[in-house]
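Chains as they are written, first to last, in this note's numbering: chain D, 200 to 557; chain X, 200 to 557; chain S, 200 to 557; chain G, 200 to 557. Heads up, the beta-carbon is just placed ideally off N, CA and C, and yes, glycines get one too.
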């Protein structure tokens, strides 16, 4: 009998349930009655506190299209993992204890960058870990794509589409704040797909004057409306030169609740343009996964099950050159995949004349 | 030869083009070559400034699903209609002049409450006016439903759907700000359809303590997440008792950019709950109309054409008891249809135990 | 303690779960701990065979958007209800027996026309019955609208939308077969909303020559493509004059599997046009209900719960003049609501020049 | 001044307009006023017959989301290219003549496998050709993905999703016929994404008994419903062994209009199962492209423009290892990319226990 635990950690996204289903269906198909799958509640919290339950094949039916995660999730910051908190609990030891108490042969972990770090830590502690790369930010190192990403792009693009018709009718400027604090992939792809006129991402600090110039140049060509796609983590060149501490202080004192509101103030001090802000927020990470993500998660899930069956631990499944493979957790942990300045999407955006704020 | 002008005025919404198409197809089908249709640019602005063009049958092809308005629109506040501005132009006289210069036999006007007032004014001045009720707010007096409304409900509901899966996975409270400054229909229907736990609308001032109690009661029943649907114009009981002037001053001094941010502050001063704000904004009024609105606008459009053909002017087409009819502009102008406290949707919300904030 | 049974019968459609949820939430909210809800499996089959289970409040959570029915359904033709079959079971007596054995105070039944007949029969036998009108066909007598209908219209319209872009690119004729054996509401609304060039419904037998003439007239105007929306039950004038028996024999001998294929043969014997058939089939009745249906079912559900609480039995909830009301089962049973020749949708279709085949 | 012609050929699909826009925007951005773009009508037909028109920058605005192709398309079979028909026209010579008459510096061609062959032929004749790989079938050799494919997968998946809820409620077997005469990519991905229980593709001839066994095995596990995803070109093992001529004769005599109807007959001769057929048809290739295809086409379009600007002709843009590149037309022409038996999607399908009919 092989006992396999499974947990989902960090912010949720589309495709978590589809990936869980893929892992489970492949394990049952390969191992039949000689596998037991155990669901761990709310990510690492359940592993720390020993909250889990035996899953049955029917628990994995009908969840392919379901948003969120049937296992629950929680954020357990990596930097607090080794901190002994007020309750005196060493979280890592607690997780090892639960793992042993459960008698697990392997632990399948679904999560983003922070989660991969913890997965690697647990692997280093001797746990048999296999992980899957999940995040709408698409910034996990070692894989070309993470699941959740394409679904979020579809949603954010849909928002831009709807704004287009209202923008053209009225001659307005819309600022859409798209998720992504550190990585701009989502804003970049949605901005391209949604026909935005400017795309501002964390990797390319912007000069508000450049954005304003673009608006004025469009107005000269008779285009009275514009759509600006702005990542949550977009930052002006000026702010990008501040120290972390200075930036934090400035943001704390800033009444603008987020990047879109800051940008609006920066480029429209004279109220020349009629501007509107849209903040789709967590809407972007919910709902059914798109077909692309369902296929991807089924492939990732099957690959993770195979790693378990062949006892190849300490690895994260990945997509490279459109093929499923896996990478060492020790190679991916602690690294992130930001948008390089020569990314294909950046080149295409520049080629068709989009403003990237620089 | 009959010459018919057509214009769209006020905020855009789904179904404008579909309604324009309905009017045009029915006019062409009834009158054949003996009708000319003229499109007036950007609502009343085009009528004031004399900007218009001859439309051809092919201009109305392929626009059934198109969001926005092919004619353009603008906001021309009713209260400024009679004001002679710095340019010395009397807007009403200018519109009458354009109407005569164009040699129009009739003018078809698509718009919301403000537009109906101006339509009535023009009708009173002797212009042959027929109007259609358009707004996502569903608050035009004399008709059970306006076009745009159901499309916007579908979009806002989709946002709530996506948040549900992320809310349940994380145990969070989401506040979604839905359009509607004065009327709560959109928030009410989307809140019901999207399974919101509280629905706050302008017509029912809320007590923040009631919302907080609901959150706590849900937590007691093990429901760690909640979704609050809040109209842009939702107002706390306390603020509802201020004079207009006092309220304006208070809002001007308030760093919170809108209702959702105010509510978050009011109910979460102790930061007990992890809260997130979503502001879908104009996203709600863009994109293709839903099928309901396409059928409705085709019916409205055909009815407006019939009023033109039978020379019944000074009327707005309307839906009453599921039948197409029309009402006198003089009866609808200056009135609005707010959510009555015994509306069927309110009763249903109370019957299933939803919090309405009171 | 009040015990309430609930069952869904007949073909499934969107909104069943949303309606079940509405009934349950309203019962729990009104009666609190003094109500027990029992779910009966697979419609009348479960009542006949005594298969049911106690439901818990959590069973009704998270089902608002779920297609199908959590209770299961089956077709139990009314005409077989009184037939003692080979097993010697009198179905009506069996249902009464189960009802008594369960100790029910009331039975809530969700279904279409056939179901309403059986509901009325059971009501006549002394059972406390409340029903809700469900069907994508929109043909239940006594209510302006049934739930499921608007959701199906949205789906069928989406199919027509997609075909439009491919039809225009290629200059082809597409025939889309839309559900509806006896009632044409769905085809009519989807056809209007999807911009079909011809709409053929059971209530208006068609002459294939009229359809062909329309194609040729369009070709003369340079429109090389056309889209024909055809109800499953659309019938040519010639076939409509056959006796039931003759028609049955002819259909049995006809290799064309359905209406769309028959129409293609009738109008394109000379293969002049490049034609393609699309049969969306049950796709039209699946998936999440649209927002309209979710609001409607919540209102219907709350109204059904109120009838139960106030012991008004033998009634079906209904929408009349946009208000929720109820009608006697004895009034609705055995009747159907077909498209009248002067329906608003028919008038609108004629007004804009659509071909209805006559 | 550089003159660039552009044409779209073959079956239409999502993303054609988005790709055209990408090419045009990148040409205008790079070459400014020194480029003229000419649109050729209806694919090679317009080139043969000399039908084309000068495009303006505004012609490429607002088409990002539009299905179909603004240029029109037609099927011009490669095998007829060299045939001198009854009108005495040598099509290839006619195309060369038009190209010269137009004074083109380059010709950008969007199309599938057949189109690439003709593009290669024209390139061999000395025309400066750059092409883009377009088809929902995803079977163009030399690129990992074609545009249109992912959009079609989303639509076909949506159909499967809706059928799931109705299938589970009723205990039925649904057969969905998905586009793809020779390549199974679309059926394979949609089948995986839509949770089909069997996936039958042209590359893997099926044994009806295997499908039937799967149904029976599912019934044994209490699963009363099943969904079968069948490619248009799916073929039984028996038929796959016929000669082309024998197969053609058999099909001509077969009253079943397509693969789904044939399969139904093969596996349900005893009518044990309640089966329903859905034929989404051209619905799958229409409507707005998904975000993935919009990004891809923008990248492809920009790359094609760069090939034109740098005078690298005789090439098709392609995606390889997630990077944009290009391949020689002479390498891709005449070849197709079928689903290999060890494709990642096939492996994943087998890993989770799906029936592939073999």
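Is residue j closer than 8 Å to residue i when the C-beta atoms are compared?
i	j	result
residue 265 (chain S)	residue 364 (chain G)	yes
residue 251 (chain S)	residue 237 (chain S)	yes
residue 458 (chain D)	residue 431 (chain D)	yes
residue 300 (chain S)	residue 249 (chain S)	yes
residue 508 (chain D)	residue 333 (chain D)	no
residue 400 (chain G)	residue 433 (chain G)	yes
residue 427 (chain X)	residue 548 (chain X)	no
residue 293 (chain S)	residue 335 (chain S)	no
residue 461 (chain D)	residue 453 (chain D)	yes
residue 261 (chain S)	residue 496 (chain S)	no
residue 240 (chain X)	residue 271 (chain X)	yes
residue 544 (chain G)	residue 388 (chain G)	yes
residue 455 (chain X)	residue 449 (chain X)	no
residue 361 (chain D)	residue 353 (chain G)	no
residue 368 (chain D)	residue 421 (chain X)	no
residue 528 (chain X)	residue 516 (chain X)	no
residue 317 (chain G)	residue 280 (chain G)	yes
Return the first residue and the last residue of the alpha helix (DSSP H) that residue i is part of.
i	result
residue 364 (chain X)	348–369
residue 238 (chain G)	Premise fails: residue 238 (chain G) lies in the beta strand (DSSP E), 234–239, not in any alpha helix (DSSP H).
residue 415 (chain D)	407–419
residue 466 (chain S)	458–466
residue 545 (chain G)	543–550
Here's the rule: buried if 16 or more other CB atoms are within 10 angstroms of the residue's CB, otherwise exposed. What is residue i?
i	result
residue 492 (chain D)	buried
residue 324 (chain S)	exposed
residue 511 (chain S)	exposed
residue 372 (chain G)	buried
residue 437 (chain D)	exposed
residue 429 (chain G)	buried
residue 283 (chain X)	exposed
residue 302 (chain S)	exposed
residue 514 (chain X)	buried
residue 330 (chain G)	buried
residue 319 (chain X)	buried
Contact defined as beta carbons within less than 8 Å: I believe residue i pairs with residue j. What is the distance between those atoms, to the nearest angstrom?
i	j	result
residue 351 (chain X)	residue 484 (chain X)	6 Å
residue 386 (chain S)	residue 374 (chain S)	So it is not a contact: roughly 12 Å between Cβ atoms.
residue 215 (chain G)	residue 309 (chain G)	6 Å
residue 480 (chain X)	residue 476 (chain D)	6 Å
residue 382 (chain D)	residue 338 (chain D)	4 Å
residue 218 (chain D)	residue 499 (chain D)	6 Å
residue 384 (chain G)	residue 538 (chain G)	6 Å
Mind checking whether the beta-carbon of residue i lies closer than 7 Å to any heavy atom of the ligand ADP?
i	result
residue 270 (chain S)	Because no ligand of any kind appears in the structure shown, any question about the ligand ADP cannot be addressed here.
First and last residue of the beta strand (DSSP E) that includes residue i?
i	result
residue 376 (chain G)	372–377
residue 400 (chain D)	Per DSSP, residue 400 (chain D) belongs to no beta strand (DSSP E) and is neither H nor E.
Near-chain G residues of the stretch 461–492 of chain S - C-beta to any C-beta below 7 Å: If the cut-off is 7 Å between Cβ atoms, the stretch 461–492 of chain S has 475, 476, 477, 478, 479, 480, 481, 482, 484, 485, 486 near chain G.
Residues in the stretch 345–361 of chain D having any Cβ partner in chain X nearer than 9 Å: Per Cβ criterion, the list reads 354, 357, 358, 359, 360, 361.
Where the stretch 518–537 of chain X meets chain D: residues whose CB sits under 8 Å from a CB there: When C-beta distances to chain D are compared with 8 Å, every residue of the stretch 518–537 of chain X stays at or above that value.
Residues of the stretch 259–279 of chain G with Cβ closer than 8 Å to any Cβ of chain S, in chain order: Within the stretch 259–279 of chain G, 265, 266, 267, 268, 271, 272, 273 place their CB atoms closer than 8 Å to a CB of chain S, listed in sequence order.
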